[in-house]
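Here's the structure, in structure tokens; my notes come after.
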Amino acid sequence: MKTTIYLDNAATTKTAQEVVDAMLPYFTESYGNPSSIYEIGQRSKEAITKARGQIAEVLGAKAEEIYFTAGGSEADNWALKAAFEAYKNKGNHIITTKIEHHAILHTCEYLEKRGAKVTYLDVDENGIVKMDDLLKAITPETILISIMFANNEIGAIQPIKEIGMIAKEHDILFHTDAVQAFGQVPIHVDEMNIDMLSSSGHKINGPKGIGFLYIRKGVKIRSFVHGGAQERKRRAGTENVPAIVGYGVAAERAARTMEERTKKEIELRDYFIGRILNEIPYVRLNGDAKRRLPNNINVSFQFIEGESLLIMLDMKGIAASSGSACTSGSLDPSHVLLAIGLPHEIAHGSLRMTISEETTKEDLDYTLDQIKEIVNRLRELSPLFED
Amino acid sequence: MKTTIYLDNAATTKTAQEVVDAMLPYFTESYGNPSSIYEIGQRSKEAITKARGQIAEVLGAKAEEIYFTAGGSEADNWALKAAFEAYKNKGNHIITTKIEHHAILHTCEYLEKRGAKVTYLDVDENGIVKMDDLLKAITPETILISIMFANNEIGAIQPIKEIGMIAKEHDILFHTDAVQAFGQVPIHVDEMNIDMLSSSGHKINGPKGIGFLYIRKGVKIRSFVHGGAQERKRRAGTENVPAIVGYGVAAERAARTMEERTKKEIELRDYFIGRILNEIPYVRLNGDAKRRLPNNINVSFQFIEGESLLIMLDMKGIAASSGSACTSGSLDPSHVLLAIGLPHEIAHGSLRMTISEETTKEDLDYTLDQIKEIVNRLRELSPLFED
Amino acid sequence: MYSEKVMDHFQNPRNVGEIEGASGVGTVGNAKCGDIMRMYLDIDENGIIHDCKFKTFGCGAAVATSSMATELVKGKTIQEALQVTNKAVMEALDGLPPVKVHCSLLAEEAIHAALWDYAEKHGIKIEGLDKPKSDISEEEVEEEY
Amino acid sequence: MYSEKVMDHFQNPRNVGEIEGASGVGTVGNAKCGDIMRMYLDIDENGIIHDCKFKTFGCGAAVATSSMATELVKGKTIQEALQVTNKAVMEALDGLPPVKVHCSLLAEEAIHAALWDYAEKHGIKIEGLDKPKSDISEEEVEEEY
Ligand SMILES: Cc1ncc(COP(=O)(O)O)c(C=O)c1O
Ligand SMILES: Cc1ncc(COP(=O)(O)O)c(C=O)c1O
Ligand code: FES
Ligand code: FES
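Chains as they are written, first to last, in my numbering: chain A, 1 to 387; chain B, 1 to 387; chain C, 1 to 145; chain D, 1 to 145.
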């Protein structure tokens, strides 16, 4: 059925009309190449400069520390691969966590095949990294700590400031994948001692296909994409001007509306979580109740499998996501849910709903009614459920 | 002055209105993540499938051989770096040319630091690679031939079919950077024995920030960006749905209009070149007169420097490009112009104008008048010019 | 993603439930992998599958293939039921996406497991039936890049 | 990219041309690098720079800095002219983009070269003037990644 209640804003968001409007002139009017000196090119260049400033502002960074990429995955790949190359004379050890996005985990696996030693830190049952574990993991060979700011599945927010402090004290480069956190929670790269930070436009009502890597001035990170002299010679390729412009507007907008928006989201989130836990039996909340993204709800329903649940929700016009890997044809459920200690069969029955500023209480009430009915039906189908 | 005559279509093109119209719904209506199973996600997935088919069609390829990237530079980086990784057990020798785009040349330099041996073939005075040179360069260690389809500065079109045949006979992988050729000249990957091909959306009135690498089925090329399972696990990152949709439409459109459009462009091009060579003294045409892109005009004016010329043209509302590196603050002029044998001081005085389907004879007549006047003024300023 | 038939059998699964005192019961799959299928057979004295019910924990395709499998074996002889392969189930459903082929294998195996149970209980040997594997692994392994 | 002053001096360069029988002529830069600047000085018996003209092959900034440099030295004493550094020229032009700083160095060097020529011709030594380098290299070297 046509999606009418969109609860998968962690997967991607609607591009805000304000953002689209800002982008439009750069397709058919100011379409010049920003590397060119003529007027129509310079217009593009100015637009990029403005967007870079808008984004830097949100992070407390300098504009020239923002390097545009094609998205969060490229930024993650770049940060890790280039840091490993640049610092391999110093050591080959990288510390990350078990709950990172695949863009980090698969890149780590790639680097392991090329001589990196990677420590994947455990998290506690709420999905939070323990500082003790981090401290213990550090060796003289450690060149990079990469820990995500907030988790995409369970919304858990890491103690980034503490991690930054530890990294700084040990003189280790600190990268954070902030794809889910940027624009949702306050971030300050200096106060948090962040050396590199990844973000992606489409997670904050900006366009798809654009992201950035923040690189602190002085950090010696080489190019990932070689070629032209764009992005201060660090990332080749004709700039995606419309997307960059849209990203700038989206970042400015996210920061401007953050306080009010997230306050509202947190209220709705907690209302919804409360009702689910109270009104449906055999259910649990995944991820820390407080240290979690304002828009993230993640619950597991025992005895049922996620994909079935998703399809039945879809039949009701509701878009959500699950920690079941059935959807992708692999048999392992979400590595994040396993990392917080869920048994496989429970991880399979998890449901993630990520709301937006447009989500209403009515949407959630309707969704709850549907979930109740569907969970009942699926449990009746389930050989695991003995009523 | 506001650009009114845009003659830099090799740098980037105006996004066609038809393309923008096709993209628009994917920002604010069908914004779902194509990896999701619910309806709004499946809509995106279908849109991508359609675009992949549109592009494959233009190349005589299969849809599943098209892998979307963030642009031509990423496609070039991917092809070279991954081929080197995949085939390094077989050998470490790569053959390319002296006139490739920096996305190829700088990637080759990167690989040279990591053990690759690279032969940079010379070109003749028209910018064409000699088959003899290619044959002589092949060694048992040769794993990859990467030769551009058409040059971005002088428009020279290489004998790709012959090169493909030679590559095939020697069982060597053949990649071609077709960023300037795709949509401008007929390409058939099977008939030309092309194993990999790079292209970029914004060169064919498609959006910026999107490109593709064609990878022939069976060619063992690993991921360049690691992470999610997008693009058949070969290129991670949430798909840039609107740009992919726009690219598909642009490709279909370029193929559909190719015959008529390029016929008109070739007429205008040759008319313009004729007048420049006849009416301005001390000028030469760069690149082959016939085997050149339909829209490319590249001439050198003795005794003057390109940037000055560009700025003065800009004052008249004309956007063009130059082979002088002064614009980028480096002192070397275009490596392409040097490769076809131009002395430095003449290379500095070169002017590239690349027309589009919208360019009129009146535009070119006006441009010629301006060029005449500006060239005169600059020659009067020049210590090299003795009248 | 799914054909109309799959969606129909997923949303309105046929023969859901248990058969008390069934002639044969087979359970395959494994909750860790996200799929368990349990098939109940009621086989009469003539060796005809009189009734068939299922319970499934799994994805949409798993539910739909279970449902279709029960439909296909109902009324059949044991030997005919052995011909209900995963291919037959898929065809009856107008196909499945490639990543879902293993769910149909599960259905085939569940029938086999229930028949095996029936044979053991009755001390007979069914021609052409091997002891079912306890776990179903994926047939199609996608290349990793 | 360029300030209004730069654009003005680029489009309407002052003092273009040659001075026949100039007191001093200096040429710096090199056509290979895309920039040559030639400066002509007319210095009177009191050591005042009476007239100054230039010819330049180079980018917009090169033309503008030449033009501004001629303006700045005109009417000055030799010692005052020595104070016309590239910084002074840049300031007078309301600044230059970072990649164009070397063009202003070219202007400074051209004045020095012309003064050196004058000194040599007249067999005098100018306090604070060294033999000009024949080639100008870039001051700001951007890091390569
Ligand atoms: C021949 C050639 N290759 C590669 C590229 C790089 O493409 P993009 O800038 O879209 O990454 C370009 C254009 O800039 C080009 O002309
Ligand atoms: C935490 C995290 N990191 C990285 C990514 C990758 O971002 P993108 O898909 O825009 O490349 C995502 C989203 O998919 C994410 O949630
Ligand atoms: S039961 Fe897991 S994919 Fe079908
Ligand atoms: S003269 Fe080359 S940059 Fe100014």
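Note that beta-carbon positions come from the ideal geometry of N, C-alpha and C, so glycine has one too.
Report the neighbours of residue i on chain A: residues whose CB is nearer than 9 Å to its CB, in chain order.
| i | result |
| --- | --- |
| K55 of chain C | E380, L381, S382, P383, L384 and F385 |
| K14 of chain B | F27, T28, E29 and Y31 |
| H106 of chain B | S223, H226, G227, G228 and A236 |
| A103 of chain B | V225, H226, G227, G228, A236 and G237 |
Find the residues of chain B that neighbour residue i, judging by a C-beta separation of less than 8 Å, and give them in chain order.
| i | result |
| --- | --- |
| L144 of chain A | Near L144 of chain A there are no residues of chain B at all, since even the closest Cβ is about 16 Å away, more than 8 Å. |
| Q17 of chain A | T28 |
Does the distance from the C-beta atom of residue i to that of residue j stay below 8 Å?
| i | j | result |
| --- | --- | --- |
| H322 of chain B | F57 of chain D | The residue you asked about is not His; residue 322 of chain B is Ser in the sequence shown. Contact flag unset, no. |
| E108 of chain D | N86 of chain D | yes |
| E153 of chain A | L364 of chain A | no |
| N151 of chain A | Q180 of chain A | yes |
| A251 of chain A | I48 of chain A | no |
| I355 of chain A | E267 of chain A | no |
| G349 of chain A | I276 of chain A | no |
| I78 of chain D | I36 of chain D | no |
| I157 of chain B | L293 of chain B | yes |
| L93 of chain D | A64 of chain D | yes |
| Y40 of chain D | C59 of chain D | no |
| N126 of chain B | G287 of chain B | yes |
So with CB distances below 7 Å, who are the chain D contacts of residue i?
| i | result |
| --- | --- |
| E153 of chain B | Those within 7 Å of E153 of chain B in chain D number zero; the least Cβ separation is about 16 Å. |
| S324 of chain B | G34 |
Listing by chain order, which chain B residues have their CB less than 7 Å from the CB of residue i?
| i | result |
| --- | --- |
| S321 of chain A | S36 |
| Y6 of chain A | I40 |
| V63 of chain D | S308 and L381 |
| M165 of chain A | Result: empty, since nearest Cβ-Cβ is about 28 Å, beyond 7 Å. |
| K2 of chain A | E39 |
Along chain D, in chain order, which residues have C-beta atoms closer than 8 Å to that of residue i?
| i | result |
| --- | --- |
| M315 of chain B | Q11 |
Give the residues of chain B in contact with residue i, contact being defined as C-beta atoms less than 9 Å apart.
| i | result |
| --- | --- |
| K52 of chain D | Looking at the sequence shown, residue 52 of chain D is not Lys but Cys. Within 9 Å Cβ-Cβ: nothing; C52 of chain D doesn't reach chain B, min ~15 Å. |
| T70 of chain D | Within 9 Å Cβ-Cβ: nothing; T70 of chain D doesn't reach chain B, min ~12 Å. |
| T27 of chain D | P383 |
| A156 of chain A | Ordered by position in chain B, no residue passes the 9 Å Cβ test against A156 of chain A, which lies about 20 Å from the chain. |
List, in chain order, every chain A residue whose beta-carbon is nearer than 8 Å to that of residue i.
| i | result |
| --- | --- |
| V89 of chain C | Residues of chain A passing the Cβ test: none, with the nearest at roughly 17 Å. |
So which residues on chain A does residue i lean against when the C-beta distance must stay under 7 Å?
| i | result |
| --- | --- |
| G60 of chain C | E307, S308 and I311 |
| A11 of chain B | N33 and S36 |
| I210 of chain B | G209 |
**OP:** Report the residues of the stretch 30-49 of chain C with a CB closer than 9 Å to any CB of chain A, ordered along the chain.
**Re:** Within the stretch 30-49 of chain C, the residues whose Cβ lies closer than 9 Å to some Cβ of chain A are N30, A31, K32, C33, G34, D35, I36, M37 and R38, listed in chain order.
Original post:
In chain order, what residues of the stretch 110-131 of chain B put their CB closer than 7 Å to some CB of chain A?
Top reply: For the stretch 110-131 of chain B, residues whose beta-carbon sits nearer than 7 Å to a beta-carbon of chain A comprise Y110.
**OP:** Answer yes if the stretch 288-301 of chain A comes into contact with the stretch 20-33 of chain C, meaning at least three C-beta pairs across the two stretches below 8 Å, and no otherwise.
**Re:** No: the two stretches stay apart, fewer than three of their Cβ pairs being nearer than 8 Å.
Original post:
In chain order, which beta strand (DSSP E) runs of at least 3 residues are fully inside the stretch 50-106 of chain A?
Top reply: Qualifying beta strand (DSSP E) stretches, in chain order: 66-69 and 93-97.
Subject >> Every unbroken alpha helix (DSSP H) inside the stretch 11-43 of chain A [4 residues or more] >> reply: Unbroken alpha helix (DSSP H) stretches of 4 residues or longer found wholly inside the stretch 11-43 of chain A: 17-23 and 25-28, given in chain order.
Original post:
If contact means a Cβ-Cβ distance below 8 Å, which residues of the stretch 232-250 of chain A contact chain B?
Top reply: Against chain B - using a Cβ distance shorter than 8 Å - the residues of the stretch 232-250 of chain A are A236, G237, T238, E239, N240, V241, P242 and A243.
**OP:** Could you list the residues in the stretch 218-232 of chain A with a C-beta less than 9 Å from some C-beta on chain B, going in chain order?
**Re:** Within the stretch 218-232 of chain A, the qualifying residues are R222, S223, F224, V225, H226, G227, G228, A229 and Q230.
Original post:
Would you call the stretch 248-267 of chain A and the stretch 301-315 of chain A in contact, with 3 or more CB pairs under 8 Å?
Top reply: With the cut-off at 8 Å, the stretch 248-267 of chain A and the stretch 301-315 of chain A do not touch.
**OP:** Please specify which runs of the beta strand (DSSP E), each continuous and at least 3 residues long, are wholly inside the stretch 300-387 of chain B, giving them in chain order.
**Re:** Counting only runs that start and end inside the stretch 300-387 of chain B, the beta strand (DSSP E) elements of at least 3 residues fall at 350-354.
Original post:
On the three-pair Cβ rule with 8 Å, is the stretch 91-99 of chain A touching the stretch 115-122 of chain A?
Top reply: The stretch 91-99 of chain A vs the stretch 115-122 of chain A: in contact.
**OP:** Would you check if there are 3 or more beta carbon pairs closer than 8 Å linking the stretch 65-81 of chain B to the stretch 213-232 of chain B?
**Re:** The answer is yes - the stretch 213-232 of chain B touches the stretch 65-81 of chain B, with three or more Cβ pairs under 8 Å.
Subject >> Contacting positions in the stretch 278-312 of chain B - beta carbon closer than 9 Å to chain D >> reply: Cβ contacts with chain D come from F303, I304, E305, G306, E307, S308, L310, I311 and M312.
**OP:** Please list the residues of the stretch 76-97 of chain B that have a C-beta atom closer than 8 Å to any C-beta atom in chain A, keeping them in chain order.
**Re:** So the list reads D76 and N77, given in the order they occur along the chain.
Original post:
Are at least three pairs of beta-carbons, each pair with one atom in the stretch 135-142 of chain A and one in the stretch 151-162 of chain A, less than 8 Å apart?
Top reply: Verdict: no, contact absent.
**OP:** Could you name the residues of the stretch 10-25 of chain D whose beta carbon sits closer than 8 Å to any beta carbon of chain B, in the order they occur along the chain?
**Re:** Among the residues of the stretch 10-25 of chain D, those with a Cβ less than 8 Å away from any Cβ of chain B are F10, Q11, P13 and V16, in the order of the chain.
Subject >> Unbroken stretches of the beta strand (DSSP E), 3 residues or longer, contained in the stretch 201-253 of chain A >> reply: Whole beta strand (DSSP E) segments, 3+ residues: 211-215.
Subject >> Uninterrupted beta strand (DSSP E) stretches inside the stretch 172-202 of chain B (no shorter than 3 residues) >> reply: For secondary structure counted as the beta strand (DSSP E) over 3 or more consecutive residues, the stretch 172-202 of chain B holds these complete runs in sequence order: 173-177 and 196-200.
Original post:
In the stretch 46-119 of chain C, which residue ranges form an unbroken alpha helix (DSSP H) of at least 4 residues, counting only runs that do not cross its ends?
Top reply: Whole alpha helix (DSSP H) segments, 4+ residues: 60-73, 78-82 and 86-92.
**OP:** Pull out every residue of the stretch 170-203 of chain A whose Cβ sits closer than 9 Å to any Cβ of chain B, in chain order.
**Re:** Taken in chain order, the members of the stretch 170-203 of chain A whose beta-carbon sits within less than 9 Å of a beta-carbon on chain B are S200, H202 and K203.
**OP:** Count the CB pairs spanning the stretch 198-216 of chain A and the stretch 5-25 of chain A that are closer than 8 Å, and state whether there are at least three.
**Re:** A contact exists between the stretch 198-216 of chain A and the stretch 5-25 of chain A.
Original post:
Taking Cβ-Cβ distances below 8 Å as the criterion, which residues of the stretch 59-76 of chain A are in contact with chain B?
Top reply: Contact annotation: in the stretch 59-76 of chain A, residues whose CB is within less than 8 Å of a CB in chain B are T69, A70, G71, G72, S73, E74 and D76.
Original post:
Three or more C-beta pairs closer than 8 Å, one from the stretch 34-44 of chain B and one from the stretch 53-67 of chain A: is that the case here?
Top reply: A contact between stretches requires three or more CB pairs, one per stretch, nearer than 8 Å, and the stretch 34-44 of chain B fails this requirement with the stretch 53-67 of chain A.
Original post:
For the stretch 188-197 of chain A against the stretch 165-173 of chain A, are there 3 or more C-beta pairs whose distance is under 8 Å?
Top reply: Taking 8 Å as the limit for Cβ pairs, the verdict is that the stretch 165-173 of chain A does touch the stretch 188-197 of chain A.
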